[in-house]
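**Q** Here it is: the structure, laid out below.
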Amino acid sequence: ILNVEQSPQSLHVQEGDSTNFTCSFPSSNFYALHWYRWETAKSPEALFVMTLNGDEKKKGRISATLNTKEGYSYLYIKGSQPEDSATYLCAFSSGSNYKLTFGKGTLLTVNP
Amino acid sequence: ETGVTQTPRHLVMGMTNKKSLKCEQHLGHNAMYWYKQSAKKPLELMFVYSLEERVENNSVPSRFSPECPNSSHLFLHLHTLQPEDSALYLCASSPGRGEQFFGPGTRLTVL
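Each protein sequence line maps, in turn, to chains L and F.
Each residue of the first sequence is one higher than the last, beginning at 5 in the numbering used here.
Each residue of the second sequence is one higher than the last, beginning at 18 in the numbering used here.
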C-alpha cells in the first residue's frame with residue numbers, strides 16, 4: 005500500500021506571509037513527484053513534476069524541493085497573495101506504471 | 018475549445034438509471050484517466066488508458082464501465098450505481114507518464 009501524506013491539512017496565513025507545506029511518500033521504487041494546485045470550482049493545475057533527488061523547481065513565488073532518499077518534498081510560497089488560496093496536492097508515481105497516488109492535500113487560505 | 022473538457026458538469030441519477038460521462042482532450046495526449054474524488058478522501062485513480070488500451074483498472078466495481086474509442090475521447094458508463102458512488106469524477110490526460118492535465122469534473126449525485 006502506497007501512502008502519500010501531506011501536512012498540514014489546512015493553513016491560514018496573512019497576505020504577505022511566506023509559507024510551506026510537506027509531502028511525504030514512499031522512498032522505494034520512486035519515479036516522479038507531482039505538485040498540483042486546485043482552486044475551488046476549477047480543474048487541478050500542475051505546478052511541478054520532479055524526478056531527481058535534490059531537485060529544486062521554481063515558478064514565480066512558488067518553489068519546491070525533493071528528497072527521494074528520505075521520501076519528502078516541500079512546497080514554498082513566498083509573499084502569499086489571496087489568489088494563492090487553493091488546495092495544494094502532491095502525487096507520487098513509482099517506476100512500474102501510470103498510476104499517481106495522491107495525498108489529501110493542504111488547503112491554504114490567504115487572508116487580505 | 019482547448020484543454021480537457023467534461024460533460025455533463027452535474028448529474029443526478031437514480032440507482033436504476035444508466036448514464037454516461039464524457040471526456041474530451043484536444044492536447045494530442047496518448048494517455049487518459051478517470052479519477053474519483055469523494056469527500057475527505059484523496060483523489061483515487063479508477064482507470065488509465067494508453068493508446069486506447071486499458072493499462073490500469075484499480076479494483077473498480079463493474080457498475081463503472083470505461084470506454085476509449087480513440088485517443089481524444091474517454092467515456093465512463095454508469096449502471097445501477099449506489100448512493101455512496103456520489104462524488105466528483107475527474108478526467109485527465111497526459112503525454113505518456115508526464116504531467117497530467119485535468120478537466121473540470123462531473124459532480125455526480127446518486128439518489
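No residue lacks a Cβ here, since even glycine has one placed at the ideal position from N, Cα and C.
So which residues on chain L does F/Glu73 lean against when the C-beta distance must stay under 9 Å?
**A** Those are Asn101, Tyr102, Lys103, listed as they occur along chain L.
**Q** Run through the DSSP bridge pairs and tell me what F/His27 is partnered with.
**A** Beta-bridge pairing links F/His27 to F/Arg124.
**Q** Classify L/Pro86 as buried or exposed, calling it buried when 16 or more other Cβ atoms lie within 10 Å of its own Cβ.
**A** L/Pro86 should be labelled exposed.
**Q** Please report how far the alpha carbon of L/Ser98 lies from the alpha carbon of L/Asn115, in whole angstroms.
**A** Using only the alpha carbons, I get a separation of about 37 Å.
**Q** Go ahead and label L/Gly64 buried or exposed: buried means 16 or more other beta carbons lie within 10 angstroms of its beta carbon, across all protein chains shown.
**A** Its Cβ having fewer than 16 others within 10 Å, L/Gly64 is exposed.
**Q** Can you check whether the C-beta of L/Lys108 is within less than 9 Å of a C-beta belonging to chain F?
**A** Yes, L/Lys108 counts as interfacial toward chain F.
**Q** List in chain order: all unbroken beta strand (DSSP E) runs of 3+ residues lying wholly within the region 20-48 of chain L.
**A** Runs of the beta strand (DSSP E) inside the region 20-48 of chain L: 23-28, 34-42.
**Q** To the nearest whole angstrom, what separates the beta carbons of L/Tyr92 and L/Phe29, a pair I think is in contact under 8 Å?
**A** The Cβ separation is near 15 Å, so there is no contact.
**Q** Is the distance from the Cβ of F/Gly120 to the Cβ of L/Val53 below 9 Å?
**A** Contact flag unset, no.
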